[in-house]
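*Asks:*
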Amino acid sequence: MTPALNALVHTLRHEADDILSLELRPLDGPEFPAFSAGAHIDLHLPNGLVRSYSLLNDPGERHRYVLGILKDRASRGGSRWVHEQLHVGQRITIGSPRNHFALHEEAAHSVLVAGGIGVTPILCMARRLKAIGRSFELLYFARSRRSAAFLDELQALGMPLHLHFDDECGGPPALRALLAERLGRSGVHAYACGPAVMLDAFEKDCAALGCADVHVERFTAAEVAAATDARDQYTVELRRSGQVLTVQPGQSLLAALKAVPVRLDTSCEEGVCGSCETRVLAGTPDHRDSVLSASEKAANQVMMVCVSGCRSERLVLDL
Ligand code: FES
């Protein structure tokens, strides 16, 4: 659980079609907690929703957090509220930064791939790599120039930048070919953030090209089926609050946790934001989230309780 912070809406600015930037300033002191490139924060919206957005400003800055927010046509009330109701001067509660999309700064070379609003954490990573003098390049795909936010900021950084606008190029980019030109050398780390279809192709192409150091940040959940040995019914011990509960057949772990008095942060409830990350003290989770890497899932030290289940008779959680 990340501590809540009080922030002031300092600036709201149109950046591209349906995209605005939101600059927050701290109200609890002169500085916000430090963050690393790839991190995101939760906005606790006055309408009761909690939504996660990536930080896009320089990680060296402590006096502000800057987010880029797309007005999602399928909005369940989060991005639409920000676009239509949030105003300059408003006070808002936010969570401290979390990072499940961390930059490996020691890499010999980094290839950053942004699709649409996925440019937000990628821009932050580019600023950091530039600041520490590392070798990197960036590929930015968007439907059109009008829908491509933060183009000026990217161009000002001066790294090799490949731009692709579907409407000017007559269709989507040839991702496999673009990656093949860039992932050949050893020590390359590849990062991508964007629409699910692009990320699925990115992961497939990187695997086919033999690149193992691949990192993605998803805004929408990947379909993850339950494990074949996932339990219908299991016992969950909440070690800190001393409660024991049974997850019944047809019931989700999240529903069972919400039925007891326990403090649990959630935001997306789809396994993409990391808000509900919970330490696993014993037992074997059935990980169905899009946050943890394969090795983190195999380690079974933490789990996203909003979508995951259990493969053992008993699960002990640090709640
Ligand atoms: Fe977002 Fe669980 S609430 S990952």
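Residues in the sequence shown are numbered from 5 upward in steps of one, following the numbering used here.
The beta-carbon is built from N, C-alpha and C at its ideal position, and this holds for glycine as well.
With hydrogens ignored, establish whether the beta-carbon of T224 is closer than 7 Å to any heavy atom of the ligand FES.
*Replies:* no
*Asks:* Counting pairs of beta carbons, one from the segment 304 to 311 and one from the segment 284 to 296, are three or more of them closer than 8 Å?
*Replies:* Yes, the segment 304 to 311 is in contact with the segment 284 to 296.
*Asks:* In terms of residues, what are the limits of the beta strand (DSSP E) holding T3?
*Replies:* The chain is shown only over 5 to 323; residue 3 falls outside these bounds and no answer can be derived.
*Asks:* With distances taken from CA atoms, which of G198, A260, T282 is nearest Y57?
*Replies:* G198
*Asks:* Hey, quick one: how far does the beta strand (DSSP E) through L49 stretch, first residue to last?
*Replies:* Neither: L49 is in no beta strand (DSSP E) and is coded neither H nor E.
*Asks:* Do L18 and L26 have their C-beta atoms closer together than 8 Å?
*Replies:* For the record, residue 18 in the displayed sequence is His; it is not Leu. The answer is no: Cβ separation not under 8 Å.
*Asks:* Should A38 go down as buried or exposed, given a rule of 16 or more other Cβ atoms within 10 Å for buried?
*Replies:* Residue environment for A38: exposed (fewer than 16 other C-beta atoms within 10 angstroms of its C-beta).
*Asks:* Counting only runs that start and end within the segment 165 to 195, where is the alpha helix (DSSP H) found for 4 or more residues in a row?
*Replies:* For the segment 165 to 195, whole alpha helix (DSSP H) runs of length 4 or above, ordered along the chain, are 170 to 173, 179 to 186.
*Asks:* From what residue to what residue does the alpha helix (DSSP H) around A20 run?
*Replies:* First-last for A20: 8 to 20, but that is the beta strand (DSSP E), not the alpha helix (DSSP H).
*Asks:* Among the residues of its own chain, which have a CB less than 7 Å from the CB of M163, if the five just before and after it don't count?
*Replies:* A130, K134, F140, E141, L142
*Asks:* I'd like to know whether the C-beta atoms of A226 and A259 end up nearer to each other than 8 Å.
*Replies:* no
*Asks:* Mapping the DSSP letters down to three states, classify S316 as helix, strand or coil.
*Replies:* coil
*Asks:* Would the beta-carbon of L9 fall within 8 Å of that of S100?
*Replies:* yes
*Asks:* Can you name the start and end residues of the alpha helix (DSSP H) that S299 belongs to?
*Replies:* Boundaries of the alpha helix (DSSP H) around S299: 298 to 303.
*Asks:* Taking buried to mean at least 16 other C-beta atoms within 10 Å of its own C-beta, is P63 buried or exposed?
*Replies:* buried
*Asks:* Is it true that the CB of F36 sits closer than 8 Å to the CB of R66?
*Replies:* yes
*Asks:* Helix, strand or coil: how does DSSP classify S83 here?
*Replies:* DSSP places S83 in helix when its eight states are reduced to three.
*Asks:* Can you say whether K301 is buried or exposed, counting buried as having 16 or more other CB atoms within 10 angstroms of its CB?
*Replies:* Looking at its Cβ environment, which holds 16 or more other Cβ atoms inside 10 Å, K301 is buried.
*Asks:* State whether the segment 141 to 157 contacts the segment 166 to 179, with contact taken as three or more CB pairs (one from each stretch) at a distance under 8 Å.
*Replies:* Between the segment 141 to 157 and the segment 166 to 179, the count of C-beta pairs closer than 8 Å reaches three or more; the two stretches touch.
*Asks:* Just to confirm, does V295 get its C-beta within under 7 Å of one of the non-hydrogen atoms of the ligand FES?
*Replies:* yes
*Asks:* Can the beta-carbon of L60 be found closer than 8 Å to that of L71?
*Replies:* yes
*Asks:* Using DSSP with H/G/I as helix, E/B as strand and the rest coil, what is P125?
*Replies:* helix
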